[in-house]
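Which chain is which? The protein sequence lines are U and W, in order. Everything in the first sequence is counted per the working numbering, starting at 1 for the first residue and increasing by one. Everything in the second sequence is counted per the working numbering, starting at 1001 for the first residue and increasing by one. Virtual Cβ for every residue (Gly too), placed ideally from N, Cα, C. Just so you know, these numbers come straight off a predicted model, no measurement behind them.
Number of protein chains: 2
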Amino acid sequence: MPPSLTRRQQEIYDYLREQLPRMPHPPTLDELCQALGLKSRGSLHKQIQALIEAGLVEPMNNLRRGIRLTEAANEAPEGGEADELPLYGYIAAGQPIEAIANPDTIAVPPPLRTPNPCYVLQVKGDSMIEEGILDGDWVVIEQRDTARNGEIVVALVRGEEATLKRLEKKPDEIVLHPANSSMQAQHYHPSEVQIQGVLVGQMRSYH
Amino acid sequence: MPPSLTRRQQEIYDYLREQLPRMPHPPTLDELCQALGLKSRGSLHKQIQALIEAGLVEPMNNLRRGIRLTEAANEAPEGGEADELPLYGYIAAGQPIEAIANPDTIAVPPPLRTPNPCYVLQVKGDSMIEEGILDGDWVVIEQRDTARNGEIVVALVRGEEATLKRLEKKPDEIVLHPANSSMQAQHYHPSEVQIQGVLVGQMRSYH
DNA sequence: TCATTATAGAACAAGCGGAGAACCTGTCCA
DNA sequence: TGGACAGGTTCTCCGCTTGTTCTATAATGA
C-alpha cells in the first residue's frame, strides 16, 4: 500500500493522468514545471519522486525519458462499475452545454437508462420545473439525433444554444416548449434545430 | 470494541462518510471546520482524535495529508450488494404503505443515498408535485425516526396512514405540508405522528 | 454540584511546497 | 576527443500551512 499522497502530489498526479495522453512526448521536468507554473526543477523533482515511490510514475534512473505513468496507474482509473455513465456538464436553457473541468462519471441504475449509449447532464435553472425537473437535478440522456413528438429532448439551436425542452414537430416548424408558465415556447425552422438526445431518466439528491 | 461515539462525533463521522468521497482532496482541519460551521481548529481536532481512537479515521502522525477514513470505515457500510436497496412498495397520501408482492430491490447510485440504512418507495399520486416529485417516481428514504424542520419525511399518522410530506414542527403540533396547491396542510398532535424516514434521493424513468 | 461535551482561541512545531544552486551523466557536434 | 548542452539528481534554505496541545468558557445532564 503506497503511503497516501499529499494534496499537491495528488494534484500533480491528476494533472499527469489527464494531460499525459495528449502530449506528443513524455515531458521533461522543465516542461512540466512550466505547465504547472513552477520555477524550480528541483522542487518538482521532489514531488515526482514521491509519485515514483507510490508506484504511480515510472522511475527514470538517470535516463532522459521524460515522465510517464506506471501501468498500474494507467489502468487504475475507476472501479469499473458497469453502469457508470459520463457526466458531461451542465445544461441550461439558452447556453451551450457547459462542460465541467473534470470529465466525471456517475452511476446510473439500469431502469433510468436504455441499452443505447447515454450520458448525464446536470440541470441549471427552472425551465422544466413544471415537469418535475428542478435546478440541480441530473438528467440521463440517450444519444439520438431524432425524437418523437412530445419527448423531452436536448436540442441544439443554430449550432450554439443547447436547451432541454419538450419537442413538438409541425409540418413547417419545430416548437420547443419549456415547462414553466413564465417562459414562452420557441418556434424554429426545422433546419435550425438539431436533436442531440432524448431524456430517459432523472435523479435528484436531497443532501 | 471502541468506546461508543458521542452524538457530535457520530454526526461528524456521518458527514465524513457522506462527503469525503466527493472531495477532490482529503480536507484539512480548517477546511472541515468551515464545512461544518466550526471556528476552532482545535475543537474539531479533538473530535477527530476520538474518531481516530475509534479506528474510523486514519491517524495522521503530524503528517499533513488531510483527513481520511480508515479502510474499515470505508468498507463497513453494508456487506451486501453494492448499492441495491430494498423496494418496499408504494406510498400515497392517506393510505398505509402498500407493500408489493415480491419484495424487490433496485440499484441506487451513492449520491442519492446516505451511508445509513435506506429503502425505496414508489410514489402514487400528485401530493408532492410542486416539489418535483411526480406520480411513479422512486424516492430514496433514509430510515430515521427523527427529522428536522423542513425535511420531507415519510410520516405515519395514527399508526395507519403513511404519507410523504414536508415536515413542520411547532411547539404543540406537527404540520404536514403537501406540495400541491389543491391540497390542505394537515395539523396533528405530536403524539399522532411517527417519522419513518427522511427523503434523501429521487429517481424517475421516462420509458 | 460536579462530570461530560462542545466550542473558541492562542501558541507552538514541524511538514510541505517552493526557489535556487551545484552536481552528475549521457548526447551531440566541431 | 573534448566541450557545450540538456536534463535528471541532490542539496540547502525559507515561509506558510496545518496538525497538535492547552486553557478557558458555555451548555447540558445525572
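{"Asked": "Distance between beta carbons of Pro1111(W) and Ser127(U), contact taken as under 8 Å", "Found": "Ser127(U) to Pro1111(W), Cβ: 23 Å. No contact."}
{"Asked": "For Lys1169(W), the residue or residues it bridges with in DSSP", "Found": "Ile1174(W)"}
{"Asked": "Leu167(U) versus Val154(U) - alpha carbon distance", "Found": "9 Å"}
{"Asked": "Lys1039(W) in three-state terms, based on DSSP", "Found": "coil"}
{"Asked": "Interface residues of chain U facing Ala1107(W) [CB-CB closer than 7 Å]", "Found": "Pro109, Pro110"}
{"Asked": "Sequence-distant residues of its chain with Cβ nearer than 8 Å to Pro117(U) (five each side left out)", "Found": "Glu142, Gln143"}
{"Asked": "CA-to-CA distance, Leu134(U) to Leu1134(W), given in whole angstroms", "Found": "12 Å"}
{"Asked": "C-beta contact flag for Thr1070(W) and Gly1089(W) at 8 Å", "Found": "no"}
{"Asked": "Ranges of the beta strand (DSSP E) found wholly within the stretch 1006-1068 of chain W, counting only runs of at least 3", "Found": "none"}
{"Asked": "Span separating the alpha-carbon of His1187(W) from that of Asp1172(W)", "Found": "10 Å"}
{"Asked": "Pro190(U) to Ile97(U) span [Cα, whole Å]", "Found": "21 Å"}
{"Asked": "Residues bridged to Ala107(U) [DSSP beta-bridge criterion]", "Found": "Glu84(U)"}
{"Asked": "Whole-angstrom C-beta distance between Arg1017(W) and Pro1086(W), which should lie under 8 Å", "Found": "Rounded, the Cβ-Cβ distance is 20 Å, inconsistent with contact."}
{"Asked": "Local conformation of Glu1160(W) per DSSP, three classes", "Found": "coil"}
{"Asked": "Boundaries (first-last residue) of the beta strand (DSSP E) holding Glu142(U)", "Found": "138-143"}
{"Asked": "Residues, ordered as in the chain, of the stretch 1023-1054 of chain W that lie near chain U by beta-carbon distance below 9 Å", "Found": "Pro1024, His1025, Pro1026, Thr1028"}
{"Asked": "DSSP beta-bridge partners of Met203(U)", "Found": "Trp138(U), Met1203(W)"}
{"Asked": "Beta carbon proximity, Ile1125(W) to chain U, threshold 8 Å", "Found": "Sequence check: residue 1125(W) is Gly here, not Ile. Gly1125(W) does not count as touching chain U."}
{"Asked": "Glu131(U) in three-state terms, based on DSSP", "Found": "helix"}
{"Asked": "One or two residues paired with Ile1097(W) in a DSSP bridge", "Found": "DSSP, once it has assigned bridges, lists no residue as partnering Ile1097(W)."}
{"Asked": "Short CB-CB distance (under 8 Å) between Ser4(U) and chain W", "Found": "yes"}
{"Asked": "Integer-rounded CB distance, given that Ala1162(W) should sit under 8 Å from Ile1091(W)", "Found": "6 Å"}
{"Asked": "Of the listed residues Thr6(U), Pro21(U), His25(U), nearest to Gln49(U) (C-alpha basis)", "Found": "Thr6(U)"}
{"Asked": "Listed by chain order, chain W residues near Met60(U) by CB distance under 8 Å", "Found": "Ordered by position in chain W, no residue passes the 8 Å Cβ test against Met60(U), which lies about 25 Å from the chain."}
{"Asked": "Nearest-angstrom Cα separation, counted from Thr28(U) out to Ser40(U)", "Found": "13 Å"}
{"Asked": "Any chain W beta carbon closer than 8 Å to Ile12(U)", "Found": "no"}
{"Asked": "CB contact flag (Val1108(W), Val1139(W), <8 Å)", "Found": "no"}
{"Asked": "Bridge partner(s) assigned by DSSP for Leu1112(W)", "Found": "Leu1112(W) is not bridged to any residue."}
{"Asked": "Against chain U: residues of the stretch 1136-1149 of chain W by CB proximity under 7 Å", "Found": "none"}
{"Asked": "Where Val200(U) meets chain W, residues with beta-carbon distance less than 9 Å", "Found": "Ser1205, Tyr1206, His1207"}
{"Asked": "His1025(W) and Gln196(U) closer than 8 Å at C-beta", "Found": "no"}
{"Asked": "8 Å Cβ cutoff, Arg1065(W) in contact with chain U", "Found": "yes"}
{"Asked": "Nearest neighbour of Ser1043(W), chosen from Arg1008(W), Gln1019(W), Arg1065(W) [CA to CA]", "Found": "Arg1008(W)"}
{"Asked": "Val1123(W) versus Gly1136(W) - alpha carbon distance", "Found": "5 Å"}
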